[in-house]
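Asks: Sequence positions in the sequence shown follow our numbering and run 682 to 1008. Glycine included, every Cβ here is placed at the ideal spot set by N, Cα and C.
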Amino acid sequence: MSLNECIWLAKKLPAQIELQVDEEEAGERLDAFLAEQLVDLSRSRVQKLIVQQQVILNGEICLSKKELVQAGDHIHLTIPDAEPLNLQPEDIPLDILYEDAELLIVNKPAGLVVHPAPGHSSGTLVNALLWHCRTDGISTLSGIGGIQRPGIVHRLDKDTTGAIAIAKSDRAHIHLQQQFQHKTARRDYLGIVYGAPKTESGTVNAPIGRHSGDRQKMAIVAETDGGRAAITHWQVKERIGNYTLINFELETGRTHQIRVHTAHLGHPIVGDPAYGPKGSVGVNLPGQALHAWRLRLLHPVSNEWIEAIAPAPSSFTTLLEVLRKRQ
682 MSLNECIWLA KKLPAQIELQ VDEEEAGERL DAFLAEQLVD LSRSRVQKLI
732 VQQQVILNGE ICLSKKELVQ AGDHIHLTIP DAEPLNLQPE DIPLDILYED
782 AELLIVNKPA GLVVHPAPGH SSGTLVNALL WHCRTDGIST LSGIGGIQRP
832 GIVHRLDKDT TGAIAIAKSD RAHIHLQQQF QHKTARRDYL GIVYGAPKTE
882 SGTVNAPIGR HSGDRQKMAI VAETDGGRAA ITHWQVKERI GNYTLINFEL
932 ETGRTHQIRV HTAHLGHPIV GDPAYGPKGS VGVNLPGQAL HAWRLRLLHP
982 VSNEWIEAIA PAPSSFTTLL EVLRKRQ
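#1: Where do the ends of the alpha helix (DSSP H) carrying N808 lie?
#2: For the alpha helix (DSSP H) that E988 lies in, which residues bound it at each end?
#3: Alpha carbons only, please: which of Q733, V982, K789 is nearest the one belonging to A993?
#4: Express the C-alpha separation of A713 and G890 in angstroms, rounding to a whole number.
#5: Any contact of the stretch 849–856 with the stretch 871–879, i.e. 3+ C-beta pairs under 8 Å?
#6: Alpha carbon to alpha carbon, what distance is there between L722 and Q733?
#7: Relative to the alpha-carbon of E741, which residue among I756, Q728, L730, L749 has its alpha-carbon at the smallest distance?
#8: Is it the case that the Cβ atoms of I912 and T884 are separated by a distance below 8 Å?
#9: Answer with buried or exposed for L864, where buried requires no fewer than 16 other C-beta atoms within 10 angstroms of its C-beta.
#10: Assign K849 to one of two classes, buried (16 or more other C-beta atoms within 10 Å of its C-beta) or exposed (fewer than that).
#11: For the beta strand (DSSP E) holding I927, just list the boundary residues, first then last.
#12: Exposed or buried, which one is D851 when buried takes at least 16 other CB atoms within 10 Å?
#13: Per DSSP, W915 forms a beta bridge with which residues?
#14: In the DSSP assignment, what residue or residues form a beta bridge with H757?
#15: Pull up the CB-CB distance for H813 and L768, whole angstroms please, since I reckon it's below 8 Å.
#16: Name the residue from A809, D838, V917, S983 whose alpha carbon lies nearest to the alpha carbon of Y875.
#17: Going by DSSP in three states, D869 sits in which element: helix, strand or coil?
#18: Hey, quick one: how far does the beta strand (DSSP E) through R977 stretch, first residue to last?
#19: On the DSSP bridge assignment, give the partners of A798 in chain order.
#20: With a threshold of 16 other CB atoms inside 10 Å of the CB of T998, please say whether the residue is buried or exposed.
#21: Is it buried or exposed, Q1008, if we count other Cβ atoms within 10 angstroms and call 16 or more buried?
#22: Helix, strand or coil for A752 per DSSP?
#23: Would you kindly work out how many angstroms separate the C-alpha atoms of E988 and Q751, rounded to a whole number?
#24: Within 10 angstroms of the Cβ of Q701, are there 16 or more other Cβ atoms? Answer buried if so, exposed if not.
#25: Might you give, ordered along the chain, the residues of its own chain that have their beta carbon closer than 6 Å to the beta carbon of T841, omitting 5 neighbours on each side?
#26: May I have the straight-line CA-CA distance separating R920 from E881, to the nearest angstrom?
#27: Assuming the contact rule is C-beta atoms closer than 8 Å, I731 and L744 should be a hit. Round their C-beta distance to whole Å, please.
#28: For E709, count neighbouring Cβ atoms within 10 angstroms of its own Cβ and tell me buried if that reaches 16, exposed if not.
#29: Taking a contact to mean a Cβ-Cβ separation below 8 Å, would you say H948 touches P878 in this structure?
#30: By Cβ distance, which residues of its chain are closer than 6 Å to L806, with the 5 residues on each side in sequence left out?
#31: Nearest CA to the CA of R940: which residue from H914, N808, V964, I773?
#32: I need the boundaries of the beta strand (DSSP E) containing I845, first residue and last residue.
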């Protein structure tokens, strides 16, 4: 579906989504396909929508989450009206890069979890958004993401900083989903890695799945074993002794994608507690030195390009200064 069609659809039926299966996606389970295409919907929520008869496959209601999709299949998904939120708005300061009636772009700090999850029932970006986006005490965020993730279209890891887009209307939510699905939106990251890559640029094309021995981590996993396609483009920005500042551009958006791919290259992100080496670099880092510095997308209503630039946090710039002085 084209972006113009998406705009029309979002204006007419803000809770309806149309998808078509490509050749490369043929053979995937229906629930896995939908969860992959609609990045803000968890697989469990997709499965609930299937049980609730909200998924129509080639004109017929589909009740099997295990149905294998085929190239050319047409899928119509209905998102029911959002349930009343059981989360509490919290007055958490937001560093706003862009805002209008349709969307919001925030520079997320390290330590801020995007949405509630086990162990993080409060103090999340969603709690902050519920406070910020309210009228007469009622949240005005898009409800498509469900009661735990209103407005959330894509995510950043807890300790990854930088630009993240939030939909304030359902039509914006659908439009932004389509942009991430069709790779129209562009996400650029800066990361400081250990070591010196041999080339100035490259691409990592390696599927990612859940780590077999640690369910809190991801790993390179063959697609035949459940891994999902993951592509990261990278380019050296500065060589600093035995460290390198790299620009990353995501073609896909898997969990921990850049962190897993850089570790796979043998150049993990500095300060990464899960995929990098132990030990201090002389700077008190709140987490991995990875920052989403630029987000470029089409406005969901005007169709004009928006480019949000997120200044790097002081811990990131301080680390660069320290490493440069060591050369």
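Replies: Looking at the atomic coordinates:
#1: 806–813
#2: Element bounds for E988: not the alpha helix (DSSP H) but the beta strand (DSSP E), 986–990.
#3: The option with the nearest alpha carbon to A993 is K789.
#4: In this structure, the CA atom of G890 is about 12 Å from the CA atom of A713.
#5: no
#6: 15 Å
#7: I756
#8: Taking 8 Å as the Cβ cut-off, I912 and T884 qualify as a contacting pair.
#9: One point to set straight first is that residue 864 is Lys, not Leu, in the sequence displayed. So K864 ends up on the exposed side.
#10: buried
#11: Start and end: 924–931.
#12: buried
#13: G883, F929
#14: Residue pairing of H757 in beta bridges, as defined by DSSP: E699, I737.
#15: Between H813 and L768, the beta carbon gap of about 13 Å keeps them out of contact (Cβ cut-off 8 Å).
#16: V917
#17: strand
#18: 971–979
#19: DSSP output for A798 lists H801 as bridge partner(s).
#20: exposed
#21: Classification of Q1008: exposed, given that the 10 Å Cβ count is below 16.
#22: Look at A752 here: in three-state DSSP terms it is coil, with no helix or strand label.
#23: Rounded to the nearest angstrom, the gap between the Cα atoms of E988 and Q751 is 36 Å.
#24: exposed
#25: L971
#26: 10 Å
#27: 6 Å
#28: Buried: at least 16 other Cβ atoms inside 10 Å.
#29: yes
#30: L793, V795
#31: H914
#32: Element bounds for I845: 842–848.
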